[in-house]
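Residue numbers (our numbering): 663 to 1000.
All C-beta atoms in this analysis are idealised placements derived from N, C-alpha and C, irrespective of residue type, glycine included.
Keep in mind that this is a model prediction, so the values were computed, not measured.
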Ligand code: ADP
């Protein structure tokens, strides 16, 4: 509704500008043309007055010539006025239609980004409410039980603690997402991609050990420009996912290559893979593929990959994915070497 009125206001504004130009141009043209016509007819009348017609040596009377001149001038000016009014009416119709389409085009990206923002707020509030509702229900049940014993009370507190952890993780992820979308370009420094991967690996090492996952790496040092904290975060997201969605005792392979002025990092796992239907959406905020049939149960909010993509884009890079359902996935990050 608000956007409809914005379209109308903007198209009205565009039409007004076009009409000011068109009417201004027409008025100037009218003035110049009528002045020029007046001068021309004046010269003609003067010449006629002095010119003898046929055998009659007396020229036409002055008053008669002047009347003819005025009549001619008035009718030419009237014709010109009609042409210009018709022309401006045509411009008005054309300008109204064009302005509406132009206004729609101008406002479309703003409308889309507001729509995304709205969807994001709804999803985020929903995700925040779920643990809060669970905590509230448990506390209410606990309070209603007048004879609650210490063991039950401890169980309730432990369960609440788990929900609080989820809330902490979610607010942390939301904060990361917000940070990854702010402009960091001014803080860019020269970084070694191998060091970034090692720093990220150190953060997920425990998780990998718990699942007895082994790494086969082919790393090499390539210098890139970027923000260290966010690039480490990008690789943490990808490594954490590779571990989360992989079975025990499997392998993860990290390869760093240089190709076409880009540093290419690929992370391949032997995990559950991603179905072709999910592939186009996995970088969307809050998107999680349905893992209900899989033996691997992984927690998450569907924010990691959208954070990773924002970070890659901020560095003028990109992320791609190749995956075969039930066989494994490869996430490829390409970052420009500057
Ligand atoms: P989260 O892991 O918290 O659900 P992400 O945004 O990191 O959120 O990932 C989105 C979805 O993409 C995941 O829910 C999962 O279905 C899929 N996914 C991401 N990485 C992998 C992977 N390495 N193997 C299989 N599926 C993956």
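Query	Result
Own chain, CB closer than 7 Å to residue 738, minus 5 neighbours either side, in chain order	699
Per DSSP, cross-strand counterpart(s) of residue 851	888
Under 8 Å between C-beta atoms of residue 964 and residue 948	yes
Pair within 8 Å by beta-carbon distance, residue 944 and residue 930	no
Cβ-heavy atom distance, residue 788 to the ligand ADP, below 7 Å	no
Cβ distance (whole Å) where residue 918 is taken to contact residue 855 below 8 Å	6 Å
DSSP state of residue 951 mapped onto helix, strand, coil	coil
Cβ separation of residue 985 and residue 936, assumed to be a contact under 8 Å, to the nearest whole Å	4 Å
Near the ligand ADP: residue 674 beta-carbon under 7 Å from a heavy atom	no
C-beta atoms of residue 908 and residue 933 nearer than 8 Å	yes
Proximity below 8 Å, CB of residue 680 to CB of residue 740	no
Residue 893 (DSSP reduced to helix, strand or coil)	helix
Sheet register partners of residue 877 (DSSP bridge)	914
Distance cut-off 7 Å: residue 925 Cβ against heavy atoms of the ligand ADP	no
N-terminal and C-terminal residue of the beta strand (DSSP E) that residue 985 is part of	980-986
Residue from 983, 939, 990 whose Cα sits closest to the Cα of residue 958	990
Chain C within 8 Å of residue 688, Cβ atoms only	No chain C is present in this structure, which holds just one protein chain.
Where residue 997 sits in the DSSP three-state scheme	strand
Segments of 3+ residues assigned as beta strand (DSSP E) that fall wholly inside the stretch 794-854	851-854
Residue 928 - containing beta strand (DSSP E), residue span	924-931
C-alpha gap between residue 774 and residue 787, whole angstroms	20 Å
beta-carbon residue 906 near the ligand ADP non-hydrogen atom, thresh 7 Å	yes
Boundaries (first-last residue) of the alpha helix (DSSP H) holding residue 936	Residue 936 -> no alpha helix (DSSP H), and no H or E assigned at all.
Neighbour-count burial assignment, residue 938, 16 or more Cβ in a 10 Å radius	exposed
Spatial distance of residue 772 from residue 683 (CA atoms)	28 Å
Proximity test, residue 938 beta-carbon vs the ligand ADP heavy atom, cut-off 7 Å	no
Where residue 921 falls, given that 16 or more other Cβ within 10 Å makes a residue buried	exposed
Residue 867 burial status per 10 Å Cβ neighbour count (16 or more: buried)	exposed
Stretch-stretch touch, CB-based, cutoff 8 Å, three pairs: the stretch 671-678 with the stretch 761-768	yes
Reference residue 664; option with closest CA among 755, 776, 705	776
Beta-ladder partner(s) of residue 921, from DSSP	924
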